[in-house]
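Each remark here refers to the structure printed beneath this line.
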Amino acid sequence: MRNIDISRRTVLRAGSAAGVATALGLAGANSASALPALAPAGPKGTEIVDLGPAVVQYSLMSAKLIGDTLYIGSRNLEPARVIAFHLPTQKVVAETTLAEGHTIQALAADPDGRYLYAGVLKKSLNSEPNLFRWDVTTPSTPAVAIGRTEERNVRALSVSPDGHLFIVGDTPQGAPPALWEWDPATGDVSNLGVPDSGATLARTVAATETTVFFGAGSTLGGGSGASRACLYAYDRATKAFTLITPAEMEVDPSIRDLAVFGDKLIVGSAASTEESKVAAIDLNDLSSYSVATSIGTTAKNFAIDGDKVYFGSTTGLVAYSLSENAVSAVEFDGLPGLGGIWGVEVHGGKVLVVSDFGFVAEVDPAAQTTTVTDLADAGATGDPQTTMGLAAGAGYVFIGGNGVIAKHRLGSNEVVNMSVPGEAKDAIMVRGRLYTAQYSSQGIWTYNPRSGDPMHQVAGFPTSQNRPQDVHWDEENRLVLAGVQSDTEGGGALWTYNPYKGTSAYFLNPIDDQQYVRAVATHDGVAYLGGSLQNTAGPGTIVAFDPRRGKELWRLEPGLGGGVSALAVRGKHLYGVTRTGVAFVIDLPKRRLIHQEDISGVARGFAAMVTNRGVVYGVSDHNVFRFDPKTFAVTVVVADVNGGWYSGAHITNDEQGFLYTLRGRNLVQINDHPRR
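Residues -34 to -1, 1 to 642 in mature numbering (1 follows the signal peptide of the UniProt record, and there is no 0) are what the sequence shown spells out, letter by letter.
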């Protein structure tokens, strides 16, 4: 199993506005000396402690080199911004913020290097712009909006030699992606058409004077007949699309990245059940190409130096030899890992790698050495970001971000960021040890805060089962249980890990081949699995499952008109909430539904639940609530928390019965005294 050295950096003093100021490096900020006193909130007897920002960092998701400056786009920060990292001085020398969006996944430069274009990911489809332009020759002048596509998210941009901007992206659970064009002369954004009606997401585009290449597939929302990898050539003169996908890539879920170098189009795929691939297509004859099997499940962020095309993989930095049509790992000293790679560039004979660990690595392939610059040290401003998995115990609270887990030490002002590959989608504490389920396809990891030993992977699973949803501890069987979704294939899995024996197992599609395992709860050695689909529709099947033998015991179709969002067990009752906001209770011995109630005004979408102090609590994006153990009626405990969650709300508890969740982007501790 893999180990990684954890980068420990105290990032803020929690518990007060002064702590926020310290985290952001504001001049004159007074450091906090103690946590604030408990303050009444919600129903009588409920107290809340604000523990300060949950995760603070400069999180990133894109990079583009112009001259001697590397421009890096932010992720899950509001407002979204781009920083200018000057290579000769190794300093952040400029920054611009955008008026819309939470993440910048797409950056592109015009042929003259004057303008940097940015496309954003947004929380909702609205009439606000998602395309921006920054004149980097006058970096003090802010970026300006230049238009919008009719899709929610911009995933990739490319500028043709004549200055036209081409855009691809997606609208989750919406129409198939189109190819878009922005005309610099008129400022108009045009829909050039949908080349593949079965595609769910377009992640890459590359333009020449005559042709625009469109790469798409089913990286999100796979299965159910969605298209696999598809590559189209759009003729700018005839306005026609031609399918040119290399045959060897057709089995892969999607085309991940494209780049034009001279007379070659470099193509990278994203795989799920096997290794990804890299192809070099002859631009003068699009039917002529070479293809090589890559290393890892992703091939993206291409940069060329002579015969070598460097790119990022799930395994690290990789090189593709054009002359040998072969892929090899780039070996170097000085780093345990590069994390998630969101930029690869060549500058001065060195390869620049932009990592979601928050650094820029300068790799010398010949000398096999590397130099690393931490972006925070270089002047990048860290802000509170949206977060993911949450776990508490042994005097700590852990909360996941992008490539990082923040470790909050209770009773002190210390918060330490720990660099970890991927994203901790959910987590639990078991007898003082942290267990996390890591996206994407990273399996289960563990960390012991008492020893401080490096966090490491203890269980790996098939890469197609890539998106953990819910983690639970099965005391009877002494198993970590994780419900999982397959983004590319549909359906999902149940992962299990026994920390005492070091053994693991997985059970594919325990509900069916369409519903993934959104929620997990346990009682007396039985795991209860709640099913959901990519959208909010679906049967929301409940399956009682033996996690040791991998056998279904029974199932129930509640018929509540929405996929399951969360589950919890109290005594003989299984509590649940659907994504459409229906609360329900199942009598486990009788295996039948005994209660249902519309609570959509309190909880809708992705919720979470936990049994604490003999009562079932839940959290939605907006409220913390609890169930009456006798009547099952729902009461709001803390209203309008409006948690800054990245992929669904979370709530957890510790040994003392304190609850933890988010209020805004701050971590809060809730001390509630329910009547039972």
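The C-beta atom is built at its ideal place from N, Cα and C for all residues, glycine as well. Since the model is a prediction, treat every value here as computed from it, not as a measurement.
Buried or exposed (CB count within 10 angstroms, at least 16 for buried), residue i
i	result
A372	buried
E240	exposed
N414	exposed
L356	buried
D628	One detail in the question is off: residue 628 reads as Leu in this sequence, not Asp. L628 is buried by the Cβ-count criterion.
residue 689	This structure leaves residue 689 out entirely; the chain is present only between -34 and 642.
residue 717	Given a span of -34 to 642 for the chain in the structure shown, any question on residue 717 remains unanswerable.
Y541	buried
H639	exposed
V110	exposed
L167	buried
W520	exposed
D436	buried
D248	exposed
P524	buried
N92	exposed
G442	Strictly speaking, residue 442 in this sequence is Glu, with Gly absent from that position. Classification of E442: exposed, given that the 10 Å Cβ count is below 16.
Rounded straight-line distance, which links the Cα of residue j to that of residue i
i	j	result
V134	S613	23 Å
D76	E61	19 Å
R202	P142	21 Å
S470	A425	6 Å
Y482	A573	16 Å
G398	Q635	18 Å
A344	L53	11 Å
I565	G306	39 Å
L625	L17	12 Å
F550	Q562	4 Å
L131	A74	9 Å
G300	R592	50 Å
T488	G11	29 Å
P138	S184	11 Å
N619	G609	17 Å
A342	Y24	7 Å
A269	G129	21 Å
G(-10)	G506	Interpretation of G(-10) is limited by its pLDDT of 29, a score under 50 that renders its predicted location unreliable; the figure taken from the coordinates is listed afterwards. If you take the alpha carbons of G(-10) and G506, they lie about 47 Å apart.
V102	M27	19 Å
residue 643	L43	Outside the displayed span of the chain (-34 to 642) sits residue 643, for which this structure offers no information.
G496	S260	36 Å
T336	N368	23 Å
Y276	Y405	24 Å
V233	G580	55 Å
D478	G457	6 Å
Per DSSP, cross-strand counterpart(s) of residue i
i	result
M384	I371
W148	L131 and V155
Q139	Note: Q139 sits in no beta bridge, so no partner.
Y405	E389
P19	N632
N578	V581
S279	G282
Under the three-state DSSP convention, the category residue i falls into
i	result
D343	helix
G13	First, the residue type needs correcting, since residue 13 is Glu and not Gly in the sequence shown. Reduced to three states, the DSSP call for E13 is strand.
A534	strand
E455	coil
E175	coil
A213	helix
N619	strand
P331	coil
E241	coil
R219	It should be noted that the sequence gives Pro, not Arg, for residue 219. Here P219 sits in coil by DSSP.
A246	strand
L400	strand
V568	coil
H561	strand
R121	strand
R47	strand
P415	coil
A357	strand
Cutoff 9 Å: residue i Cβ touching any chain D Cβ
i	result
G359	Looking at the structure shown, chain D is missing, and only one protein chain is on hand.
For this session: Go through the stretch 286 to 328 residue by residue and report every complete run of the beta strand (DSSP E) that reaches 3 residues or more, in order.
Result: 292 to 295, 307 to 313 and 316 to 321
For this session: Just list the beta strand (DSSP E) runs in the stretch 423 to 493, keeping only unbroken ones of 3 residues or longer that don't cross its boundaries, in chain order.
Result: 433 to 440, 445 to 451, 458 to 464, 469 to 474 and 482 to 489
Exercise. What beta strand (DSSP E) runs, 3 residues minimum, are completely inside the stretch 53 to 112?
Worked result: 57 to 63, 69 to 75, 81 to 87 and 97 to 101
For this session: Report the residue ranges of all beta strand (DSSP E) runs contained in full by the stretch 587 to 618; include only those spanning at least 3 residues, in chain order.
Result: 590 to 593 and 600 to 604
Problem set entry | Complete beta strand (DSSP E) runs within the stretch 501 to 547 (minimum length 3 residues, chain order) | 508 to 512, 517 to 522, 530 to 536 and 539 to 544
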